[in-house]
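Data block below; observations after.
Chains as they are written, first to last, in our numbering: chain A, 1 to 114; chain B, 1 to 114.
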């Protein structure tokens, strides 16, 4: 089974802190994604990466950056956390670059910024 | 840009009732369509998917969905729901020219009363 692991289930951070969310997948998938999930808004794509050191902006990249130094690891960085970034963050991975592939999701990290 | 609409945000049904959740998308070209489910406390998982061929697709746990191209719809159905179907359901679309980007709808929270 594909496993996508997010390092924390719950995080509480202060406004202005730099926050790192880590995600690791164990199936040698090329693509990795970061979404945020908010009630009524579904999942919105923040960033994705289709290869090591490659990244592309999703629909809501402002206030975020990402890092992919190794194929299995994709990090989401909040440079200066703000209260409007309180949300559930989901990491996902998929096998090939084409669209016809299933995305596998991690358990999510619930981030609260106070 | 592609977008996805799910008409019902909350649905409450009694066990054995039939279910239909609506999903419409706004892209006119070739699309790949997905339904994901998130059970309470669990990660998102794939329920079913449509890439091509028979527009009626069957997924896990007795769910099915019908792709109607003329209506830009991909509605999810189940003839008889169970209490264990209580979950949040997300429709997602990937257009063939959108690379690896999956666009999600806002989600429908289903509660099945025993």
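Beta carbons: idealized from backbone N, C-alpha and C, even for Gly.
Opening and closing residue of the beta strand (DSSP E) in which residue i lies
| i | result |
| --- | --- |
| residue 88 of chain A | 87-94 |
| residue 12 of chain B | 10-14 |
| residue 77 of chain A | 73-78 |
| residue 106 of chain B | Neither: residue 106 of chain B is in no beta strand (DSSP E) and is coded neither H nor E. |
| residue 81 of chain B | Careful: residue 81 of chain B lies outside any beta strand (DSSP E) and carries neither H nor E. |
| residue 65 of chain A | 64-70 |
| residue 22 of chain A | 19-25 |
| residue 46 of chain A | 42-49 |
Euclidean distance between Cα positions of residue i and residue j
| i | j | result |
| --- | --- | --- |
| residue 11 of chain B | residue 94 of chain B | 25 Å |
| residue 36 of chain B | residue 15 of chain A | 33 Å |
| residue 24 of chain A | residue 93 of chain A | 9 Å |
| residue 114 of chain B | residue 44 of chain A | 33 Å |
| residue 29 of chain B | residue 114 of chain A | 43 Å |
| residue 83 of chain A | residue 111 of chain A | 10 Å |
| residue 82 of chain B | residue 67 of chain A | 42 Å |
| residue 4 of chain A | residue 88 of chain B | 20 Å |
| residue 30 of chain A | residue 95 of chain A | 6 Å |
| residue 63 of chain A | residue 40 of chain A | 21 Å |
| residue 101 of chain B | residue 80 of chain B | 33 Å |
| residue 34 of chain B | residue 47 of chain B | 8 Å |
| residue 67 of chain B | residue 80 of chain A | 43 Å |
| residue 104 of chain B | residue 70 of chain A | 27 Å |
| residue 32 of chain B | residue 9 of chain B | 23 Å |
| residue 7 of chain B | residue 69 of chain B | 18 Å |
| residue 26 of chain A | residue 50 of chain A | 15 Å |
| residue 112 of chain B | residue 61 of chain A | 36 Å |
| residue 85 of chain A | residue 65 of chain A | 13 Å |
| residue 108 of chain A | residue 108 of chain B | 18 Å |
Outcome for residue i when other beta-carbon atoms lying within 10 angstroms are tallied against a minimum of 16
| i | result |
| --- | --- |
| residue 85 of chain B | buried |
| residue 17 of chain A | exposed |
| residue 6 of chain A | buried |
| residue 52 of chain A | exposed |
| residue 39 of chain B | exposed |
| residue 106 of chain B | buried |
| residue 20 of chain A | exposed |
| residue 3 of chain B | exposed |
| residue 87 of chain A | buried |
| residue 42 of chain A | buried |
Opposing strand residues paired with residue i [DSSP bridges]
| i | result |
| --- | --- |
| residue 72 of chain B | None; residue 72 of chain B has no bridge partner. |
| residue 35 of chain B | B/48 and B/91 |
| residue 42 of chain B | Paired residue(s): none; residue 42 of chain B is not in a bridge. |
| residue 63 of chain B | Answer by DSSP bridge pairing: none, since residue 63 of chain B is not bridged. |
| residue 11 of chain A | A/111 |
| residue 24 of chain B | B/5 and B/73 |
| residue 31 of chain A | A/94 |
| residue 111 of chain B | B/12 |
| residue 38 of chain A | A/42 |
| residue 57 of chain B | B/65 |
Next on the checklist: Under 8 Å: do the segment 9-16 of chain A and the segment 27-35 of chain A share three or more Cβ pairs, one atom per stretch?
Outcome noted: no
Next on the checklist: Check whether the segment 102-111 of chain A and the segment 53-60 of chain B touch, using three or more Cβ-Cβ pairs below 8 Å as the test.
Outcome noted: No, the segment 102-111 of chain A is not in contact with the segment 53-60 of chain B.
Item to check | Sufficient close CB pairs (3 or more, under 8 Å) joining the segment 10-29 of chain B to the segment 69-82 of chain A | outcome: no
Checklist entry - Is the number of C-beta pairs between the segment 66-79 of chain B and the segment 17-31 of chain B that are closer than 8 Å three or more? => result yes
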